[in-house]
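K.L.:
So that we are looking at the same thing, I have put the structure below in structure tokens.
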Amino acid sequence: MTYVAEVIVDVPTMQTDVPYTYLIPAELGGQIRPGMRVEVPFGNGNRHIQGFVLKTYDHQNPAELSEFAMKEIVSVLDLGPVLNQEMLELADEMKETTFSFKITCLQTMLPSVMRATYQKWLVLIDEVPEDILYEVFKGLDEITWEEALASGRLSELMKLRQNEQIDIRYEVKKRNRSKTINGVKSSLSFEQIEEERQGLRKGSTQKASLLTMLQGMTEDQIMTVKEANDRFGVKRGTLNAGQRSGWLEIVEIEVNRDPYGKHTFEKNVAMSLNDQQLAAYEAIVASMKAQDNQTFLLEGITGSGKTEVYLQTIAEALDEGKTAIMLVPEISLTPQTVHRFKSRFGDEVAVLHSGLSEGEKYDEWRKIERKAARVVVGARSAIFAPLENIGLIIIDEEHEGSYKQDDTPRYHARDLAIWRSQYHHCPVVLGSATPSLESRARAQKKVYQLLKLTKRANEAAQLPMIDVIDMRREMAKGRMQTFSTPLLEKITDRLQKAEQVVLMLNRRGYSSFIMCRDCGYVLPCPNCDISLTLHMDSKTMKCHYCGHEEGIPHTCPICASQKIRYYGTGTQKVEEELRDLFPAARILRMDVDTTRRKGAHEKLLKTFGDREADILLGTQMIAKGLDFPDVTLVGVLNADTALNLPDFRSAEKTFQLLTQVSGRAGRAEKAGEVVIQTFNPNHYSIQYAKEQDFEGFYQAEMQARHQGNYPPFFYTVQIVASHEDENTAAKKMYEIVLQLKQVLSPNSIILGPTPKAVMRVNNRYFYQLVLKYKKEANLQVVLKQILDETQVDVRKGLKISIDVEPLNFI
DNA sequence: AGCACGCCGACT
DNA sequence: GTCGGCGTGCTC
1 MTYVAEVIVD VPTMQTDVPY TYLIPAELGG QIRPGMRVEV PFGNGNRHIQ
51 GFVLKTYDHQ NPAELSEFAM KEIVSVLDLG PVLNQEMLEL ADEMKETTFS
101 FKITCLQTML PSVMRATYQK WLVLIDEVPE DILYEVFKGL DEITWEEALA
151 SGRLSELMKL RQNEQIDIRY EVKKRNRSKT INGVKSSLSF EQIEEERQGL
201 RKGSTQKASL LTMLQGMTED QIMTVKEAND RFGVKRGTLN AGQRSGWLEI
251 VEIEVNRDPY GKHTFEKNVA MSLNDQQLAA YEAIVASMKA QDNQTFLLEG
301 ITGSGKTEVY LQTIAEALDE GKTAIMLVPE ISLTPQTVHR FKSRFGDEVA
351 VLHSGLSEGE KYDEWRKIER KAARVVVGAR SAIFAPLENI GLIIIDEEHE
401 GSYKQDDTPR YHARDLAIWR SQYHHCPVVL GSATPSLESR ARAQKKVYQL
451 LKLTKRANEA AQLPMIDVID MRREMAKGRM QTFSTPLLEK ITDRLQKAEQ
501 VVLMLNRRGY SSFIMCRDCG YVLPCPNCDI SLTLHMDSKT MKCHYCGHEE
551 GIPHTCPICA SQKIRYYGTG TQKVEEELRD LFPAARILRM DVDTTRRKGA
601 HEKLLKTFGD READILLGTQ MIAKGLDFPD VTLVGVLNAD TALNLPDFRS
651 AEKTFQLLTQ VSGRAGRAEK AGEVVIQTFN PNHYSIQYAK EQDFEGFYQA
701 EMQARHQGNY PPFFYTVQIV ASHEDENTAA KKMYEIVLQL KQVLSPNSII
751 LGPTPKAVMR VNNRYFYQLV LKYKKEANLQ VVLKQILDET QVDVRKGLKI
801 SIDVEPLNFI
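Under this note's numbering, the first residue of the first sequence is numbered 1, with each subsequent residue one higher.
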């Protein structure tokens, strides 16, 4: 009987994107199962790489099975499967829908620590010349490839290799290590301990204590080293001695690096639901009990109590003995949110988000895998949580762009959630105050079931009054200003009443750059077609695309003028203005610069929440999910910067942002007020935001989308080609257009090819096209074919990416 | 990705 | 004559 395994190897190329067949050596027989990671030899040099086992089977005659001379699996990297059958199937789905390699999909599903790293070694296997031995190998048996490279004598070394004096060894390094602590297990029976006690010398108090401790332990009890010391006063050295005498065994215990272990969570109980919440709850629970894979769209205004519906439906899933996933945008995964879940469900909750260290993420993942957690709360990638028997999947703030990954595999968590719901026969709930047009339209067509929450859960809370200020008029009154007169008056008023103010600066489409007032010179990035952004925290100019960094110039490099100044409405500049206007006010600034440090975000919010500041000034990040009862005024300084961007979703994004930020005002008994400053006061996105009328906005925007042949009336695919040479990239795109035109129906529309808005990034040129279509039965095949045929060009440095339903067009 | 093989220019 | 450039094929 011969055992073989099909393995997906860690070589992300089109040609190797198929399973390879390996022999399972006798000593690993029975150990290897689908979903495990293994170490396999690959290619001419038999370098060792990581692979995923897809399936195993036994076969009488391997030659019959495979025309290749199969190689053997070297080792197993896992004790058990790390991906179950569902995940292996989901990887197939992702591969097809996102045009990516299977290996990339598989790796994306696991915590990053489980991605193997490789180390290459040069190993002495025979005598080598003395100078090589001492100068290159420094007298050692083996050196790393990097050390060999640094010696500058690679050609000599390669010759020695051909003579079989040196060998190359490939090492697959496993990085996922559970944190372990040491524990003690007794190896002696009660009687044996008595015997040992007789043999003890007088005065061996430590050993006597150890024996007493062991005697009190059951056969398979494990006591931690710490406990041994605390309870019995047995020191580590005594334990080691005990181990040497064969009295006990020292074992490793896996412990969880619980990132929230320090906190205690008081139990929080379910609140009563109003009629609308109850109706939503009942619809979802009924679907769950019927094992329906219905997708719900829960459209609920800010403060309508969506979260309470989530919590209670999850509780119901747990009661049914099932599990649940709740996705929230990265930015809303605040301690407040986590707290709310932990206090309702306690230890049953695992949290996955980017703020955790790699090790912590792995531990949370392990916690789910060993079924210690049945509720998973996390950002996009939490959709891969290895839960079984899922009863419910919730995606909060469904419209958020962060649910789509913006590099390969370009999956959308919403699509995968629906796929998993079909696998588990469970409902999906998409929740938002401002659903994406796509989802809202699907609800209209009854693909999703629409559930509406139109009342505030806390009835005392009033919807805020929204004031739209026409900045064109403000400008006509005098010089260009950041703050309009009405906004200034209202801020003054709140400061007098000791109430809090939130000010938002819309940074989308904005950056703070440096410009010479004499000649207009703007400091550009040397690698990209974009100006450098000023970063006050590091006192440098940085490129947001490639990371290039340089000093702040004091004189203009072109005309040598000293009048080279900071431009653009950055948060720092607004902060300075505010301090001039309101010297007594305590101002907090929250932007990428002040929240970069781990935990800084949390700390700023706490400071504001504790009323240690009067004004919170920030970018988009303040719009999401914070809940401060004393905030009675929200000001949006520039509502329309996004409106001018060449993106058909700009109105939608503006509406969503304004609605969200307005929701920050008047969360409690005090009435809230919102001031929106804009140059486009009559734009429908701003008008409907003022009226807080999502349905009105939806109708208007649908009309605009219909006119422009955009989603949800058309599907879209974006293809981008990039190369160091501008011509090569452009030429490729024109070829692709020709190829597409030959097969596409006349109803489909191709926009472009055009250079991307920032054409050059990191010294590569980017060209793109956008395809809009309603129905193209062969599209999948054609796009795959394009990728296949492009393989030759990939060798020459051309990169092609296909983004299905892209969210960003610029 | 990374290695071998193979075919061309410019060196001891 | 050979060393080494990188274009191409292939990896169970």
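Positions of the beta carbon are idealized from the N, C-alpha and C atoms, including for glycine.
Using only the alpha-carbon positions, how far apart do Ala421 and Val53 sit?
P.N.:
The sequence given here has Ser at residue 421, not Ala. When rounded, the distance between both Cα atoms is 25 Å.
K.L.:
Assign Asp467 to one of three DSSP states: helix, strand, or coil.
P.N.:
strand
K.L.:
If contact is defined by three or more beta carbon pairs under 8 Å, each pair taking one atom from either stretch, is the stretch 156-175 in contact with the stretch 110-130?
P.N.:
Result yes; three or more Cβ-Cβ pairs closer than 8 Å.
K.L.:
Taking the straight line between their C-alpha atoms, what separation do you get for Arg813 and Thr323?
P.N.:
The first residue shown for the chain is 1 and the last is 810, placing residue 813 beyond what the model contains.
K.L.:
Quick check: the Cα distance between Arg795 and His723, rounded to an integer number of angstroms?
P.N.:
C-alpha separation (whole angstroms): 11 Å.
K.L.:
How far does the alpha helix (DSSP H) with Lys784 in it reach, from first residue to last?
P.N.:
Leu779 to Glu789
K.L.:
Within the chosen definition, does the stretch 378-397 reach the stretch 73-93 through at least 3 CB pairs nearer than 8 Å?
P.N.:
yes
K.L.:
Just reading off the beta strand (DSSP E) that Gly431 is part of, what are its end residues?
P.N.:
Val428 to Ser432
K.L.:
Give the straight-line distance between the Cα atoms of Thr408 and Leu779, rounded to the nearest whole angstrom.
P.N.:
Spanning the two alpha carbons is a distance of roughly 19 Å.
K.L.:
Can you tell which of Ser151, Thr144, Val4 and Asn182 has its C-alpha closest to the C-alpha of Asp811?
P.N.:
Lying before the first or after the last residue shown, residue 811 is absent from the chain, which here runs from 1 to 810.
K.L.:
Comparing C-alpha positions only, which one of Arg366, Leu298 and Ser245 sits nearest to Tyr448?
P.N.:
Leu298
K.L.:
Among Arg517, Leu657 and Lys542, which one has its Cα closest to the Cα of Thr555?
P.N.:
Arg517
K.L.:
Shortest alpha-carbon distance to Gly804 belongs to which of Asp793, Tyr773, Thr790 and Ile552?
P.N.:
Per the sequence shown, the amino acid found at residue 804 is Val instead of Gly. That would be Tyr773, whose Cα lies nearest to the Cα of Val804.
K.L.:
Which residue wins for smallest C-alpha separation from Ile750, given the options Asp725, Tyr710 and Arg764?
P.N.:
Tyr710
K.L.:
Who are Phe42's beta bridge partners in DSSP?
P.N.:
Arg47
K.L.:
Could you tell me whether the stretch 364-374 touches the stretch 301-309, using the rule of 3 or more Cβ pairs below 8 Å?
P.N.:
no
K.L.:
Taking its Cβ as the centre, do 16 or more other Cβ atoms sit within 10 Å of Ser332, making it buried, or is it exposed?
P.N.:
buried
K.L.:
Please determine, among Ala757, Asn229 and Glu27, the residue with the shortest C-alpha to C-alpha distance to Gln768.
P.N.:
Ala757
K.L.:
Return the CA-CA distance between Ala290 and Thr659, expressed in angstroms with no decimal places.
P.N.:
35 Å
K.L.:
Over what stretch of residues does the beta strand (DSSP E) that includes Arg589 continue unbroken?
P.N.:
Ile587 to Met590
K.L.:
Rounded C-beta distance between Ile622 and Val502? I'm assuming under 8 Å.
P.N.:
Confirmed, Cβ separation roughly 6 Å.
K.L.:
If you draw a straight line from the alpha carbon of Gly708 to that of Arg649, how long is it in whole angstroms?
P.N.:
11 Å
K.L.:
Using the C-alpha atoms, what's the distance from His399 back to Asn182?
P.N.:
Those two C-alpha atoms are separated by around 47 Å.
K.L.:
How about Ile552 and Thr540: are their beta carbons less than 8 Å apart?
P.N.:
In this structure, Ile552 sits near Thr540, with a CB-CB distance shorter than 8 Å.
K.L.:
Taking the continuous alpha helix (DSSP H) assigned at Ile284, which residues delimit it?
P.N.:
Asp275 to Lys289
K.L.:
Could you check if Ile810 is buried or exposed, using at least 16 other CB atoms within 10 Å of its CB as the buried criterion?
P.N.:
exposed
K.L.:
Measuring CA to CA, which of Lys775, Glu135, Ala26 and Lys120 is closest to Arg47?
P.N.:
Lys120
K.L.:
Could you name the residues that DSSP lists as bridge partners for Trp121?
P.N.:
Residue pairing by DSSP places Trp121 opposite Thr144 and Arg169 in a beta bridge.
K.L.:
For Val309, which residues from the same chain have a beta carbon less than 6 Å from its beta carbon, with the 5 sequence-adjacent residues on both sides left out?
P.N.:
Excluding positions up to five away in sequence, the list reads Gln277, Ala280 and Tyr281.
K.L.:
Take Thr754 and list the residues in its own chain whose beta-carbon comes closer than 8 Å to its own, dropping the five residues that flank it on each side.
P.N.:
Tyr767, Gln768 and Leu769
K.L.:
Does the distance from the CB of Leu617 to the CB of Glu575 come in under 8 Å?
P.N.:
Yes, these two residues count as a Cβ contact at 8 Å.
K.L.:
If contacts are defined as beta-carbon pairs under 8 Å, then Leu77 and Arg37 qualify, I think. What distance do you get, rounded to the angstrom?
P.N.:
4 Å
K.L.:
DSSP three-state call for Ser204: helix, strand or coil?
P.N.:
coil
K.L.:
With burial defined as no fewer than 16 other Cβ atoms inside 10 Å of the residue's Cβ, what is the status of Phe99: buried or exposed?
P.N.:
The residue in question, Phe99, is buried, as its Cβ has 16 or more Cβ neighbours within 10 Å.
K.L.:
Is it a yes or a no for the stretch 220-231 touching the stretch 182-199, going by three-plus beta-carbon pairs under 8 Å?
P.N.:
yes
K.L.:
For the stretch 674-686 against the stretch 630-646, are there 3 or more C-beta pairs whose distance is under 8 Å?
P.N.:
Yes: at least three Cβ pairs fall under 8 Å.
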